[in-house]
Amino acid sequence: MGSFSIWHWLIVLLVVVLIFGTKKLRNIGQDLGGAVRGFKEGMKSAEDENAAATPPKAVSDQSTIEGSVREKSDASRTQA
Numbered sequence: 036m037g038s039f040s041i042w043h044w045l046i047v048l049l050v051v052v053l054i055f056g057t058k059k060l061r062n063i064g065q066d067l068g069g070a071v072r073g074f075k076e077g078m079k080s081a082e083d084e085n086a087a088a089t090p091p092k093a094v095s096d097q098s099t100i101e102g103s104v105r106e107k108s109d110a111s112r113t114q115a
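This note's numbering puts the sequence shown at residues 36 to 115.
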């Protein structure tokens with residue numbers, strides 16, 4: 036009794052279609068899809084604005100790290 040069978044859902048769907056009609060249901064679906072799409076675009080543009088407005092973090096101690104870059108030789112590449 037906790038869940039409905041497929042026949043119960045088909046009857047509910049039939050009643051909803053008879054009450055609202057297919058054209059109105061289609062319009063509701065399009066409106067809902069457009070609202071979700073607009074919300075996603077709004078969230079994306081807000082994230083882009085936040086990323087562009089945030090300045091890069093400054094280095095606090097102004098120290099320089101020194102080092103040298105060496106390439107591995109072909110012999111060491113084949114052994115590894």
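All C-beta atoms in this analysis are idealised placements derived from N, C-alpha and C, irrespective of residue type, glycine included.
N- and C-terminal bounds of the alpha helix (DSSP H) containing residue i
| i | result |
| --- | --- |
| G69 | T57 to A88 |
Beta-carbon proximity check, residue i vs residue j, cutoff 8 Å
| i | j | result |
| --- | --- | --- |
| V50 | L60 | no |
Neighbourhood of residue i by C-beta, 7 Å cutoff - its chain only, sequence neighbours within 5 removed
| i | result |
| --- | --- |
| L67 | none |
Neighbourhood of residue i by C-beta distance below 8 Å, restricted to the same chain and skipping five residues each side
| i | result |
| --- | --- |
| E82 | none |
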